[in-house]
Structure formats: C-alpha cells, structure tokens
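First the structure, in the form of structure tokens, and then the observations on it.
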Amino acid sequence: MLSSPLGRLWRGIATAISFLTFGLGGLLVGGMWPLLTLVVRCPDKRQKLARSIIHHCMRGFVGLMRGLGVLDYRLHDCERLQRPGLLVLANHPTLIDVVFLLALIPHADCVVKGRLARNPFTRGPIRAAGYITNEEPQGVLEAAGVSLARGNALILFPEGTRSVPGRALKFRRGAANIALRTPSEITPVLIDCQPSTLTKGEPWYHIPARRVMLNIKVLPDMAPHVAPPPPTEDEVPLSRDARQLTRRLASDFAAELAAFQQRIRES
Numbered sequence: 001m002l003s004s005p006l007g008r009l010w011r012g013i014a015t016a017i018s019f020l021t022f023g024l025g026g027l028l029v030g031g032m033w034p035l036l037t038l039v040v041r042c043p044d045k046r047q048k049l050a051r052s053i054i055h056h057c058m059r060g061f062v063g064l065m066r067g068l069g070v071l072d073y074r075l076h077d078c079e080r081l082q083r084p085g086l087l088v089l090a091n092h093p094t095l096i097d098v099v100f101l102l103a104l105i106p107h108a109d110c111v112v113k114g115r116l117a118r119n120p121f122t123r124g125p126i127r128a129a130g131y132i133t134n135e136e137p138q139g140v141l142e143a144a145g146v147s148l149a150r151g152n153a154l155i156l157f158p159e160g161t162r163s164v165p166g167r168a169l170k171f172r173r174g175a176a177n178i179a180l181r182t183p184s185e186i187t188p189v190l191i192d193c194q195p196s197t198l199t200k201g202e203p204w205y206h207i208p209a210r211r212v213m214l215n216i217k218v219l220p221d222m223a224p225h226v227a228p229p230p231p232t233e234d235e236v237p238l239s240r241d242a243r244q245l246t247r248r249l250a251s252d253f254a255a256e257l258a259a260f261q262q263r264i265r266e267s
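Sequential numbering of the sequence shown, starting at 1, is according to the UniProt record's numbering.
In structure tokens form, the structure reads like this:
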C-alpha cells in the first residue's frame, strides 16, 4: 500500500506532520533554555542535560517517522557508537541522517552551519546544547579538541554539505584537520538512503515513489595518522598530512560505501 498512489499521498501528509513536529520541537527545546539557565546553574551540567534532552527527542522523532510510514531503517554494528570520546565521521546523503546520529549517540556534539544557529527552529537547541558552529575555522579546531577531551562524541560530515546523488564523494579538509589534532581515533559511519530524499536543494514535498529505507553501518575505528613522503619546501607538514588524510578518507569511504550498498542490494 505504501508504494501505491494512495500510499504516496499518505507519506506526503506524514512527512508534513514530521516536519511540523520537528519545528515545534525545536521551538520547545529553545524555549526551555531560559528555564534551564535558572534551574541548572553549572554550565557543563546544563549543556549535558540539554544534549540528553535532544538525544531522546531525536529518538522519539525517528520513532514517529517510522510509525507514520515515512521511512524504515536497519542498523549495523551501531552499538559501537555508545562509547565516549568518539570522533564520528559519516557521509551525508540526506537531511535526516544527522537526526539518526543524534538519536544513536548519547551526549553527542556536532559541528553545524552558522546559519542554523540563526534559524528560529534550530537556534534554540544549538545554543542549549552548545554545538560548534563552523563560522570561524580556528575556533572550530579548538572547540572540537575541548569537546573530545571532555569525553563527548563529536559528529562530523567530511563533505561539509549533503552529497549529490550519482557523484563521487568530495571531502573537505576540515575533518582531517580536527582528526590530526586530537588523540581520538576515527569512527567511520556509512549511511545509505534509498530512494534518495531530502538531498541538497531538494524540497521536503518531493515525496519518493516508495518508503525510504536508511541503512547505517559503523565500521571499526581507524587511526588518522599517515606516513606520507617528506614535505616539499613550500609545504607545512600538518597541512600536507591533512591533504593526505582527506584523500585517504574519501577513497576508503567510497570503497566501503560501494561494498555496503552491494551487500544491501543482495540481501
């Protein structure tokens, strides 16, 4: 039924309900910020409480979307995300993958676009949780190091924006720069979304012909450090290492994602 015209109509209505719920939830969490400031005086405890609230809200939101028939999902080795101090790197095929990661990872921190910190529906939760905005690169590096040192899991999308369906993954150096400056190993996460939905520039009301299926797989940790050839005269070693690691990550993610998608098709 969910693949029929009537099913597609229902999923359109259910998607609208989901977006409305998300927006109202963002306003509600943002509205709680002044109350949290009054009740919880310690900034660290207040931030931890806000992240816990967001984590449970995202779990509820994922359950809502599944219950309404908007999507379904399968998790593979996601128990690895329960450890503290993780540097989580994931591909970014859809707008809702970050929702799943926040639902799966307790007390997660993440780097968000600066414009989201000014959006009325998202600025409240971002402020309450103390998420890192990407407006100042050096500030991001410092804040990421502090967050990981405190035992938070830090979520990063090396692409910097959502993937373009059918195109090769294009990673930026920001994630590599953070990885090389922290003692944490990288926890790679593969995300497959079929059929594609909520990609970059795609409006929410473009409803796929069938229910969306997300598959999320956590790979074994990998060490970020590489042993490339010596730098040339005009190269800074850390800059060289970041470039090398970015290439390695893009290559490894592309190969692992292709193999993962093949296994999904065969299952």
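Built from N, CA and C at the ideal position, the CB exists for glycine as well.
Segment limits, alpha helix (DSSP H) that includes residue i
i	result
Cys-57	43–68
Val-29	5–39
Pro-237	237–266
Leu-81	First-last for Leu-81: undefined, no H or E at that position.
Leu-180	174–180
Residue i (DSSP reduced to helix, strand or coil)
i	result
Leu-75	strand
Val-98	helix
Ile-155	strand
Val-146	helix
Cα-Cα separation between residue i and residue j, rounded to whole angstroms
i	j	result
Arg-240	Leu-249	14 Å
Leu-148	Asp-109	9 Å
Val-112	Ala-259	29 Å
His-56	Val-99	11 Å
Arg-150	Thr-182	12 Å
Val-164	Gly-139	28 Å
Gln-244	His-92	21 Å
residue 269	Gly-23	Residue 269 lies beyond the range of the chain shown here (1 to 267); nothing can be said about it.
Leu-9	Met-65	15 Å
Arg-173	Ser-18	34 Å
Thr-94	Thr-199	5 Å
Val-62	Gln-194	16 Å
Arg-247	Phe-171	8 Å
Ala-117	Gly-69	30 Å
Met-213	Leu-81	20 Å
Thr-187	Gly-145	16 Å
Gly-130	Gly-124	10 Å
Leu-75	Leu-180	29 Å
Glu-185	Ala-223	5 Å
Val-189	Met-32	32 Å
Arg-216	Thr-37	It should be noted that the sequence gives Ile, not Arg, for residue 216. Rounded to the nearest angstrom, the two C-alpha atoms are 35 Å apart.
Pro-120	Arg-127	11 Å
Leu-86	Leu-6	43 Å
Val-39	Pro-208	44 Å
Ile-132	Pro-158	15 Å
Ser-267	Gln-261	10 Å
Phe-253	Ile-105	21 Å
Residues that DSSP places opposite residue i in a beta bridge
i	result
Lys-217	His-76, Leu-190
Thr-133	Val-112
Leu-87	Leu-154, Ile-186
Val-212	Leu-71
Inter-residue CB distance, residue i and residue j (contact presumed, cutoff 8 Å)
i	j	result
Ala-153	Pro-84	7 Å
residue 287	Ile-191	Outside the displayed range of the chain (1 to 267) lies residue 287, so it cannot be described from this structure.
Trp-204	Thr-15	6 Å
Leu-156	Val-218	Rounded, the Cβ-Cβ distance is 14 Å, inconsistent with contact.
Gly-12	Thr-122	The pair is not a contact, with the Cβ atoms about 23 Å apart (cut-off 8 Å).
Ala-90	Leu-102	Going by Cβ atoms, the distance from Ala-90 to Leu-102 rounds to 12 Å, so no, they are not a contact pair.
Gly-114	Asn-134	6 Å
CB contact check: residue i to chain B, cutoff 8 Å
i	result
Gly-174	Checking the listed chains, one finds no chain B in this structure; it contains a single protein chain.
heavy atom of the ligand HEM below 7 Å from residue i C-beta
i	result
Asp-109	You won't find the ligand HEM in this model; it holds no ligand whatsoever.
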